[in-house]
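K.L.:
In this note's numbering, the protein residues as written are 139 to 439.
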């Protein structure tokens, strides 16, 4: 699979919430692009998290909903692929570049599905861990109407769509979505392909949880599985293993400094990711920001 770097303004919009900056900088205007990943299955890309569209006789199902500003374009992209209505939207977690379109898509007739912690997070003000950005509660119309605790299977369009909640990793509401017939796995923001990931420590995230979540993904995947990351290009299990190796290396380096009693500033100044930055430190979080977030997750009480 192609591991070309994602465009910086788009990824930073998702990671840091610089939505207005991303929309202002886009020349030409942001479009929703559809990449076929299986029979009647498409990966949609725009400005926020990657989407997955499944179509068939039962109607359309969408994984995540993009920024709200792009909802008309998302609906138009769906209409280009099917004349059936959008029936379900599955949220992989609560961050606004993945749920921002919930209200518009619900008003178009979709039922929003998510882990129960997604609804809880969306219902109250949140502060993005490590970034300090305050996120106001979502309007009632944007909240998931169907929630689950552990796992949920949708028997839809002749497929088994398995939605599985993970232990806290990127957040405490992360779910992965597996399309059995096409052997396609949507990983949500547990997986940022090709760059350092954002981990929301205020929402229960940690690097230990991220590594455990990636292990769950790899258990589900086989050699032929196509993996849709939360951000970045369509991926493979081999690329996901490289990502895990990076996470494990960063954990080891930062953990050693924490055990020495180093402060957050001292850990960041030590540049524990320096041997990884050439490959992973371009296009997503800056290495120092990532190191600080990893430290926060390790030391949060």
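Ideal placement from N, C-alpha and C gives every residue a C-beta, glycine not left out.
For residue 230, which option in 362, 345, 301, 372 has the closest C-alpha, if you only look at C-alpha atoms?
P.N.:
For residue 230, the nearest C-alpha among the options comes from 301.
K.L.:
Can you list the beta strand (DSSP E) stretches of 3 or more residues lying completely in the stretch 203-263, in chain order?
P.N.:
Runs of the beta strand (DSSP E) inside the stretch 203-263: 224-228, 249-253.
K.L.:
What's the C-alpha gap between residue 88 and residue 436?
P.N.:
The displayed coordinates of the chain run from 139 to 439. Any statement about residue 88 would go beyond what the structure contains.
K.L.:
Do you know how far the Cα of residue 261 is from the Cα of residue 240?
P.N.:
So the two alpha carbons sit approximately 13 Å from each other.
K.L.:
By the three-class DSSP mapping on this structure, what secondary structure does residue 411 have?
P.N.:
It is coil, neither helix nor strand.
K.L.:
Three or more C-beta pairs under 8 Å: does that hold for the stretch 394-406 against the stretch 305-322?
P.N.:
The answer is no - the stretch 305-322 does not touch the stretch 394-406, with fewer than three Cβ pairs under 8 Å.
K.L.:
Where does the unbroken alpha helix (DSSP H) through residue 391 begin, and where does it stop?
P.N.:
Unbroken alpha helix (DSSP H) run through residue 391: 375-397.
K.L.:
Between the C-alpha atoms of residue 143 and residue 334, what's the straight-line distance to the nearest angstrom?
P.N.:
Because residue 143 carries a pLDDT of 40, less than 50, the predicted location of this residue cannot be relied on, and the following value inherits that uncertainty. Going by the C-alpha atoms only, they are around 12 Å apart.
K.L.:
Closer than 7 Å by C-beta to residue 285: which residues in its own chain qualify, once you throw out the five before and the five after it? Chain order, please.
P.N.:
Hits under 7 Å: 252, 253, 254, 257.
K.L.:
Between 228, 234, 431, which lies nearest to residue 340 when the distance is taken from Cα to Cα?
P.N.:
Closest by alpha carbon: 431.
K.L.:
Would you say residue 212 and residue 227 are within 7 Å of each other, going by their C-beta atoms?
P.N.:
Not a contact, by the Cβ cut-off of 7 Å.
K.L.:
So, does the stretch 214-227 touch the stretch 175-195, judging by three or more C-beta pairs under 8 Å?
P.N.:
Verdict: yes, contact present.
K.L.:
My assumption, with CB atoms under 8 Å, is that residue 388 sits in contact with residue 411. Please give the rounded CB distance.
P.N.:
Confirmed, Cβ separation roughly 6 Å.
K.L.:
Where does residue 420 fall in DSSP's three states?
P.N.:
Residue 420 falls in the coil class under three-state DSSP.
K.L.:
For residue 428, name the three-state secondary structure that DSSP assigns.
P.N.:
Helix at residue 428.
K.L.:
Residue 295: buried (16+ other C-beta within 10 angstroms of its C-beta) or exposed?
P.N.:
Buried.
K.L.:
Quick check: the Cα distance between residue 438 and residue 427, rounded to an integer number of angstroms?
P.N.:
The alpha-carbon atoms of residue 438 and residue 427 are separated by roughly 16 Å.
K.L.:
I'd like the list of long-range same chain contacts for residue 356, defined as Cβ closer than 8 Å, with 5 residues on each side in sequence excluded.
P.N.:
If we look at residue 356 and ignore the five residues flanking it on each side, its Cβ neighbours are 375, 378, 379, 382.
K.L.:
Among 269, 322, 433, whose alpha-carbon lies nearest the alpha-carbon of residue 360?
P.N.:
Residue 322 is the option with its Cα nearest to residue 360.
K.L.:
Quick one: grab the DSSP three-state call for residue 366.
P.N.:
Residue 366 falls in the strand class under three-state DSSP.
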